[in-house]
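Numbering (mature numbering (1 follows the signal peptide of the UniProt record, and there is no 0)), first residue to last: -15 to -1, 1 to 117.
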């Protein structure tokens, strides 16, 4: 029981507002919803945070609603706790979520020996296909 009380007090302390944190207000907020189902919205706060998104159906002529594709494009900008400016743009569609941002990790280049192996495998597969 003492443990639960301790955990509750720790939770309350963690949830308490920080006295040194500046008050953040919304300086811009707008949204548009169109008859064709497309939409856009943007929100900006006094601390420089900006979030926006737009969406539309890529293939509205598709009679089967289950096969219609929603295209979302958006971005958000903010200053991270370490002072870095974070700017992320993204697209989401039938190919999934595709973020772009300088802060995102990138894969290392493919080693030359792996590229050579892939070339050999592709050449062998093409030769086998040609033979039938």
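Where a beta carbon is used, it is the ideal one built from N, C-alpha and C, also for glycine.
What separation, rounded to the nearest whole angstrom, lies between the Cα atoms of residue i and residue j?
i	j	result
residue 75	residue 87	12 Å
residue 53	residue 42	7 Å
residue 107	residue 91	26 Å
residue 109	residue 97	18 Å
residue 20	residue 39	14 Å
residue 83	residue 72	14 Å
residue 50	residue 67	45 Å
residue 126	residue 112	The structure shown does not extend to residue 126, since the chain is modelled only from -15 through 117, so no value can be given for it.
residue 5	residue 16	32 Å
residue 99	residue 65	37 Å
residue 46	residue -5	52 Å
Where does residue i sit, in a helix, a strand or coil, going by DSSP?
i	result
residue 114	helix
residue 55	strand
residue 98	helix
residue 89	coil
residue 104	helix
residue 19	coil
residue 81	strand
Are residue i and residue j close, meaning C-beta to C-beta below 8 Å?
i	j	result
residue 37	residue 12	no
residue 62	residue 34	yes
residue 14	residue 23	no
Using CA coordinates, which residue listed in the options is at the minimum distance from residue i?
i	options	result
residue 80	100, 55 and 24	55
residue 44	78, 6 and 58	78
residue 89	100, 69 and 99	69
residue 85	60, 46 and 100	60
residue 25	-5, -6 and 57	57
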